[in-house]
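A.B. asks: Sending over a structure as structure tokens; questions will come in a sec.
Numbering (the working numbering), first residue to last: 484 to 896.
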């Protein structure tokens, strides 16, 4: 009986130990976004914390309370800034639920970003799946300008926005862990989400997919736009990709999972119009690689199988019931994606001299060990001079639920 009592007491002690450092919900400040900006003083950065109010969404307790609070603090790193924030905030700062880190383009191009966030890798308080966003303006201005719109909980806005990134493919899906993985690997380019709340004068000659955040003028709603990607090489931002270029990366990169994409090409019969449809990637690209160790030269043959569902034909050309016209459209689609991809790949080889497609995963197996792979210099020698052939092939072409379009010639008053 005595042994049973001791076991019961020991069991209770084990359960209660887990409650030793418990903190009540209303006593914590939940940071959902962190912004990082440069300052005029070297080594000092401006950290902005967007803090969600967990009580404001409760009608019974949160009446009259704001859904979030934005505070900015100058400091040397994220951990120190968090500690300073605890000195004047009434609630303890909690980073467990942080969803995004926003870094200004100015700081990212200066190359100090990795220096600032490096301390965050040593703490368990920050999760490794946090998304990285590069803002055209200061990160503080970006976070203060975002309008959460219909979302009463600001954290839901970022959750839904990140989900949409995967669906549309017009910007990169880049988390904290991948940034360090790619940067330390030194053989690939890292792409981060690119966003802004500042709108410029729109160039109507360019298609929406060929633009970046801020180049599409909108009226009303949330001013924040996420189109295109920031390109990082060795931890430093070097350029911005358009939405179209980012989609090419997502299509050719087998590590990226995405939903159907809406794409538009010039009508092959009536060039003044465009044809819109859904690009469906059901299979990973088929990659064949050939490597000559004597010349340190590589050749890649990439076949991208895809389905395409035509959704809009403003020219009213009857592609669906005319076999000859359907073949013309099919060839036009394949040629468009193939040509666009070749042009962008050439850009990455000549201008960036870096691989954003993870092609290094295919060639590594041809080396006997890591030292021989590193000596061959994938990013500096092999990739910039590699022969890369890409071909898109339609496996199925569909025309939606309605096969026939209205014949304008048959309409009368």
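Don't be surprised by glycine CBs; every beta carbon is placed ideally from N, CA and C. Remember, predicted model here, so these are calculated numbers, not experimental data.
1. Are there 16 or more other CB atoms within 10 angstroms of the CB of residue 457, so buried, or fewer, so exposed?
2. Per the contact definition of three or more C-beta pairs closer than 8 Å, is the region 587–607 in contact with the region 651–658?
3. May I ask you to list the residues that DSSP assigns as paired with residue 865?
4. Starting from residue 660 and walking both ways along the alpha helix (DSSP H), at which residues does that stretch end?
5. With DSSP as the reference, please indicate the residues paired to residue 850 in a beta bridge.
6. Can you tell me the Cβ-Cβ gap for residue 827 and residue 875, rounded? I've got them flagged as a contact below 8 Å.
7. Could you give the uninterrupted runs of the alpha helix (DSSP H) lying entirely in the region 725–766, keeping only those of 4 residues or more?
8. Would the region 659–672 and the region 831–848 be scored as touching if the rule is three or more Cβ pairs under 8 Å?
9. Return helix, strand or coil for residue 788, following the three-state DSSP convention.
10. Roughly how many angstroms separate the alpha carbons of residue 609 and residue 597, rounded to a whole number?
11. CB-CB under 6 Å to residue 739, same chain, minus the five flanking residues each way: which ones, in chain order?
12. Report the three-state DSSP secondary structure of residue 806 (helix, strand or coil).
13. So for residue 644, helix, strand or coil by DSSP?
14. To which residues of the same chain is residue 659 closer than 6 Å at the C-beta, ignoring the five residues directly before and after it?
15. According to DSSP, simplified to helix, strand and coil, what is residue 700?
16. Alpha carbon to alpha carbon, how far is residue 736 from residue 677?
17. Can the beta-carbon of residue 518 be found closer than 7 Å to that of residue 623?
18. May I ask you to report which of helix, strand or coil DSSP gives residue 527?
19. Is the Cβ-Cβ distance between residue 583 and residue 516 less than 7 Å?
20. Kindly provide the ranges of any beta strand (DSSP E) runs that are 3 or more residues long and lie completely inside the region 557–645, ordered along the chain.
21. What is the C-beta distance between residue 789 and residue 877, in whole angstroms, given that I count them as a contact (C-beta under 8 Å)?
22. Between which two residues does the beta strand (DSSP E) holding residue 832 run?
23. Would you call residue 853 buried or exposed, if buried means 16 or more other Cβ atoms sit within 10 Å of its Cβ?
24. Apart from the five residues on each side of it in sequence, which residues of its chain come closer than 7 Å, Cβ to Cβ, to residue 749?
25. Since residue 646 and residue 576 are thought to touch, with beta carbons under 8 Å apart, how far apart are those beta carbons, to the nearest angstrom?
26. Three-state secondary structure (DSSP) at residue 824?
27. CB-CB under 7 Å to residue 708, same chain, minus the five flanking residues each way: which ones, in chain order?
28. Quick check: is any heavy atom of the ligand COA less than 6 Å from the C-beta of residue 528?
29. Report the three-state DSSP secondary structure of residue 443 (helix, strand or coil).
30. What are the residues that DSSP puts in a beta bridge with residue 778?
31. Three-state secondary structure (DSSP) at residue 683?
32. Give the secondary structure of residue 818 by DSSP, where H, G and I count as helix, E and B as strand, and everything else as coil.
33. Assign residue 812 to buried or exposed, taking buried as 16 or more other Cβ atoms, counted over all protein chains shown, within 10 Å of its Cβ.
34. Report all residues from its chain with a CB closer than 7 Å to the CB of residue 816; omit the five preceding and five following residues, and keep chain order.
35. Less than 7 Å between the beta carbons of residue 564 and residue 555, yes or no?
36. Figure out for me which residue from 620, 643, 621 has the closest Cα to the Cα of residue 631.
C.D. replies: Taking the definition as stated:
1. A question about residue 457 goes unanswered here, because the residues of the chain that appear run from 484 up to 896.
2. No: fewer than three Cβ pairs fall under 8 Å.
3. Translated into positions along the chain shown, residue 865 becomes position 382. Bridge partners of residue 865: none, in fact.
4. Working through the chain shown from its first residue, we reach residue 660 at position 177. Start and end: 659–668.
5. Taking the chain shown and counting its residues from 1, one reaches residue 850 at position 367. Residue 850 pairs with nothing; no bridge assigned.
6. Sequence index remark: in the chain shown, residue 827 carries index 344 (1-based). Sequence index remark: in the chain shown, residue 875 carries index 392 (1-based). Not quite, the Cβ-Cβ distance comes to about 13 Å (not below 8 Å), so this is no contact.
7. Those alpha helix (DSSP H) runs which fall completely within the region 725–766 and span 4+ residues are 726–735.
8. Short answer: they touch.
9. Here residue 788 refers to the residue found at position 305 of the chain shown. Collapsing the DSSP output to three states places residue 788 in a strand.
10. As a working mapping, residue 609 is identified with position 126 in the chain shown. As a working mapping, residue 597 is identified with position 114 in the chain shown. Computed Cα separation, rounded: 15 Å.
11. As a working note, residue 739 is residue 256 in the chain shown. Short of 6 Å from the beta carbon of residue 739, and not among the five residues preceding or following it, lie these beta carbons of its own chain, in chain order: 733.
12. Along the chain shown, one-based indexing puts residue 806 at 323. Helix, per DSSP.
13. Residue numbering aside, residue 644 sits at position 161 when the chain shown is read from its first letter. In this structure, residue 644 counts as helix in the three-state DSSP scheme.
14. Taking the first residue of the chain shown as 1, we reach residue 659 at position 176. Excluding sequence neighbours, residue 659 sits near 611, 613.
15. For this step, residue 700 is matched to residue 217 along the chain shown. Residue 700 falls in the coil class under three-state DSSP.
16. Along the chain shown, one-based indexing puts residue 736 at 253. Along the chain shown, one-based indexing puts residue 677 at 194. Rounded to the nearest whole angstrom, the C-alpha separation of residue 736 and residue 677 is 19 Å.
17. Here residue 518 refers to the residue found at position 35 of the chain shown. Here residue 623 refers to the residue found at position 140 of the chain shown. Contact: yes.
18. Within the chain shown, the letter at position 44 stands for residue 527. Coil at residue 527, not helix or strand.
19. Here residue 583 is taken as the residue at index 100 of the chain shown, counted from 1. Here residue 516 is taken as the residue at index 33 of the chain shown, counted from 1. Yes, the pair counts as a contact, with Cβ atoms nearer than the cut-off.
20. Listed in chain order, the beta strand (DSSP E) elements of length 3 or more contained wholly in the region 557–645 are 575–577, 583–587, 614–618.
21. The count along the chain shown starts at 1 and reaches residue 789 at position 306. The count along the chain shown starts at 1 and reaches residue 877 at position 394. That belief holds up - the Cβ atoms of residue 789 and residue 877 are roughly 6 Å apart, short of 8 Å.
22. Within the chain shown, numbered from 1, the residue matching residue 832 stands at position 349. Looking at the DSSP string, residue 832 is not in any beta strand (DSSP E), and its letter there is neither H nor E.
23. The count along the chain shown starts at 1 and reaches residue 853 at position 370. By the C-beta density criterion, residue 853 is exposed, having fewer than 16 other C-beta atoms within 10 angstroms.
24. Your numbering for residue 749 matches position 266 in the chain shown. Contacts found: 757.
25. Reading the chain shown from its first residue, position 163 is the one you call residue 646. Reading the chain shown from its first residue, position 93 is the one you call residue 576. Rounded, the Cβ-Cβ distance is 26 Å, inconsistent with contact.
26. Counting from 1 along the chain shown, the entry for residue 824 is found at position 341. Here residue 824 sits in helix by DSSP.
27. Working through the chain shown from its first residue, we reach residue 708 at position 225. Hits under 7 Å: 678, 679, 696, 697, 699.
28. Because no ligand of any kind appears in the structure shown, any question about the ligand COA cannot be addressed here.
29. Not covered by the structure: residue 443. The range shown for the chain is 484 to 896.
30. Position 295 of the chain shown holds residue 778. In the DSSP output, where bridge partners are listed per residue, residue 778 has none listed.
31. What you label residue 683 is simply residue 200 of the chain shown in a count that begins at 1. Three-state result, residue 683: coil.
32. For this step, residue 818 is matched to residue 335 along the chain shown. The three-state reading of DSSP puts residue 818 in helix, counting H, G and I together.
33. Numbered from 1 along the chain shown, position 329 holds the residue referred to as residue 812. Classification for residue 812: buried.
34. Here residue 816 corresponds to residue number 333 of the chain shown, with the count starting at 1. Only 748, 791, 877 meet the Cβ criterion.
35. If you number the chain shown from 1, residue 564 lands on position 81. If you number the chain shown from 1, residue 555 lands on position 72. Going by C-beta atoms, residue 564 is not nearer than 7 Å to residue 555.
36. Position 148 of the chain shown holds residue 631. In this structure, 643 is the residue among 620, 643, 621 with its C-alpha nearest to the C-alpha of residue 631.
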